[in-house]
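Some notes on the structure that comes next.
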Amino acid sequence: MKKKLKEILQKAIDENSANLELYNMGLTQLPDMVQDLKNLRILHLENNQFTSFPEVITQLPKLERLSLEYNQVMTLPTQIGYLKGLKKLNLADNSIKNLSDTIGNFKNLKLLDLRVNQLSQLPDEIGLLKNLDILYLGRNEFSEIPEIIKQLYQLKDLGMGGNKIKIIPQWISTLKQLKYLSFGRNNISEIPDSIQSLTNLEHLILRDNELNSFPIILKKLSKLSLLDLRTNLFPDKNNVLTNVHSPKNIFQSFN
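Laid out in structure tokens, this is it:
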């Protein structure tokens with residue numbers, strides 16, 4: 000495998016490649032020669048066996064897209080902040096408990112995928128990611144929605160399903176660009192009135208929570224086209240149906 004990897008890397012270096020795919024190769028580390036890929040913009044390392052972030056990656060000055068999905072990475076080095084040109088970062092399905100403060104250096108980041116990790120909080124530096132469009136935090140250990148998220152004014156897609164969240168805070172109204180919002184599989188029992196300020200919202204996922212009546216305030220979301228209320232605690236299905244008029248698609252089931 001080492002010989003094959005070196006052959007792949009040498010070919011990429013010789014061809015001045017901008018895209019490199021090394022997924023599903025059983026890798027646990029990367030050789031130093033990776034830093035010679037000075038023109039590399041896209042790097043795929045999905046489904047390997049990394050337990051730590053390969054620091055040699057931080058020597059790739061033009062890197063824009065990095066995926067380390069489906070590994071066992073536990074920590075991120077401070078050097079990750081050197082990747083200032085990153086636009087898409089996928090670290091889903093790892094074992095990350097904390098993020099490096101230097102993540103705030105990613106001023107061009109558009110997508111940050113941290114699903115299926117062990118995060119319970121975010122560093123304040125997340126609030127510096129002013130160009131972030133998509134933030135996925137599903138299936139972590141959050142008991143509340145990190146307040147620093149309210150500084151991400153350009154956010155269009157926020158996923159926090161599969162956590163331990165009980166309350167949607169009033170400040171959710173500050174995320175006025177949101178189109179897609181997922182809070183499925185949490186412990187939410189009510190929806191704040193401030194959600195009506197999310198006038199661009201198109202998809203809202205609230206399945207598998209503890210809602211016991213239809214949130215009438217949702218009727219004010221005129222652009223809402225998909226509303227998922229499956230597996231909540233509604234006592235009267237017919238009453239819920241009479242309160243739904245705007246979403247084109249509504250999914251619901253009742254305990």
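Numbering that gives the first Met the number 0 numbers the first residue of the sequence shown as 0 and each following residue consecutively.
Glycine included, every Cβ here is placed at the ideal spot set by N, Cα and C.
Exercise. From which residue to which residue does the beta strand (DSSP E) around LEU42 run?
Worked result: Working through the sequence shown from its first residue, we reach residue 42 at position 43. Note, LEU42: beta strand (DSSP E), 41 to 43.
Exercise. At which residue ranges does the segment 82 to 160 contain complete beta strand (DSSP E) runs of 3 or more residues, listed in the order of the chain?
Worked result: 87 to 89, 110 to 112, 133 to 135 and 156 to 158
Problem set entry | Which of helix, strand or coil DSSP assigns to GLU14 | Taking the sequence shown and counting its residues from 1, the one referred to as residue 14 is at position 15. Reduced to three states, the DSSP call for GLU14 is coil.
For this session: Give every residue of the same chain whose Cβ lies closer than 6 Å to the Cβ of LEU90, excluding the five residues on either side of it in the sequence, and list them in chain order.
Result: Residue mapping note: residue 90 aligns to position 91 of the sequence shown, counting from 1. Excluding positions up to five away in sequence, the list reads LEU67 and LEU113.
Exercise. How close, in whole Å, do the beta carbons of ASN186 and ASN208 come, if the pair is a contact with beta carbons under 8 Å?
Worked result: Start at 1 with the first residue of the sequence shown, and residue 186 comes out as number 187. Start at 1 with the first residue of the sequence shown, and residue 208 comes out as number 209. Yes, they are in contact, since the Cβ atoms of ASN186 and ASN208 sit about 7 Å apart, within 8 Å.
Problem set entry | Unbroken beta strand (DSSP E) run spanning LEU65, endpoints | For the purposes of this step, residue 65 is taken as residue 66 along the sequence shown, with counting starting at 1. That run of the beta strand (DSSP E) goes 64 to 66.
Problem set entry | Supposed contact pair LEU128 and GLU157 - C-beta distance, whole angstroms, cut 8 Å | Counted from its first residue, the sequence shown places residue 157 at position 158. Counted from its first residue, the sequence shown places residue 128 at position 129. Here residue 157 turns out to be Leu, not Glu, going by the sequence shown. With a Cβ gap of about 13 Å, LEU157 and LEU128 do not count as contacting.
Exercise. Can you list, in chain order, the residues of its chain whose CB lies under 7 Å from that of ASP132, leaving out five sequence neighbours each side?
Worked result: Numbered from 1 along the sequence shown, position 133 holds the residue referred to as residue 132. Only LYS109, LEU110, GLN153, LEU154, LYS155 and ASP156 meet the Cβ criterion.
Exercise. Quick one: Cα of LEU220 to Cα of LYS175, how far?
Worked result: Within the sequence shown, numbered from 1, the residue matching residue 220 stands at position 221. Within the sequence shown, numbered from 1, the residue matching residue 175 stands at position 176. Their backbone Cα atoms lie some 12 Å apart in a straight line.
Problem set entry | Those residues which DSSP pairs with LEU180 across a bridge | On the sequence shown, position 181 is the one that residue 180 refers to. The partner list for LEU180 (beta bridge, DSSP) reads LEU157 and LEU203.
For this session: Specify the secondary structure class of LEU217 as computed by DSSP and reduced to three states.
Result: In the sequence shown, residue 217 corresponds to position 218, counting from 1. Three-state result, LEU217: helix.
Exercise. Just how far apart, CA to CA, sit VAL33 and PRO234?
Worked result: For this step, residue 33 is matched to residue 34 along the sequence shown. For this step, residue 234 is matched to residue 235 along the sequence shown. The straight-line gap from Cα to Cα measures roughly 59 Å.
Exercise. ARG272 and ALA11: beta carbons closer than 8 Å?
Worked result: Residue 272 lies beyond the residue range present for the chain, which begins at 0 and ends at 254; the question has no answer from this structure.
For this session: Determine the extent of the beta strand (DSSP E) in which LEU226 is found, giving its start and end residues.
Result: Indexing the sequence shown from 1 puts residue 226 at position 227. First-last of the beta strand (DSSP E) with LEU226: 225 to 227.
Problem set entry | Through-space distance from LEU8 to GLU14, alpha-carbon basis | On the sequence shown, position 15 is the one that residue 14 refers to. On the sequence shown, position 9 is the one that residue 8 refers to. C-alpha separation (whole angstroms): 10 Å.
Problem set entry | Whole-number beta carbon distance between GLY80 and GLU63, since they are thought to touch under 8 Å | One-based indexing of the sequence shown puts residue 63 at position 64. One-based indexing of the sequence shown puts residue 80 at position 81. Going by Cβ atoms, the distance from GLU63 to GLY80 rounds to 15 Å, so no, they are not a contact pair.
Exercise. In whole angstroms, what is the alpha-carbon distance linking ASN23 and ASN104?
Worked result: Against the sequence shown, residue 23 aligns to sequence position 24. Against the sequence shown, residue 104 aligns to sequence position 105. If I take the Cα positions, the gap works out to 29 Å.
For this session: To the nearest angstrom, report how far apart ASP92 and THR27 are at their CA atoms.
Result: Looking up residue 92 in the sequence shown gives position 93. Looking up residue 27 in the sequence shown gives position 28. Taking the straight line from one Cα to the other gives about 16 Å.
For this session: Could you give the DSSP three-state label for LEU36: helix, strand or coil?
Result: Walking along the sequence shown from the start, residue 36 turns up at place 37. It is coil, neither helix nor strand.
For this session: Assign PRO53 to one of two classes, buried (16 or more other C-beta atoms within 10 Å of its C-beta) or exposed (fewer than that).
Result: Looking up residue 53 in the sequence shown gives position 54. Counting Cβ neighbours within 10 Å, PRO53 comes out buried, since at least 16 surround it.
For this session: Report back the beta-carbon spacing between LYS163 and GLU146 to the nearest angstrom; my notes put them in contact at under 8 Å.
Result: Translated into positions along the sequence shown, residue 163 becomes position 164. Translated into positions along the sequence shown, residue 146 becomes position 147. Contact doesn't hold; Cβ gap of about 16 Å is too wide.
For this session: Let me know the secondary structure DSSP gives LEU19 once reduced to three states.
Result: Mapped onto the sequence shown, residue 19 falls at position 20. In this structure, LEU19 counts as strand in the three-state DSSP scheme.
Exercise. Do LEU4 and LEU19 come within 8 Å of each other at the CB atom, strictly closer than that value?
Worked result: Within the sequence shown, residue 19 is the residue found at index 20, counting from 1. Within the sequence shown, residue 4 is the residue found at index 5, counting from 1. Not in contact: LEU19 and LEU4 (Cβ atoms no closer than 8 Å).
Exercise. Exposed or buried, which one is LEU232 when buried takes at least 16 other CB atoms within 10 Å?
Worked result: Here the question's residue 232 lines up with position 233 in the sequence shown. LEU232 should be labelled exposed.
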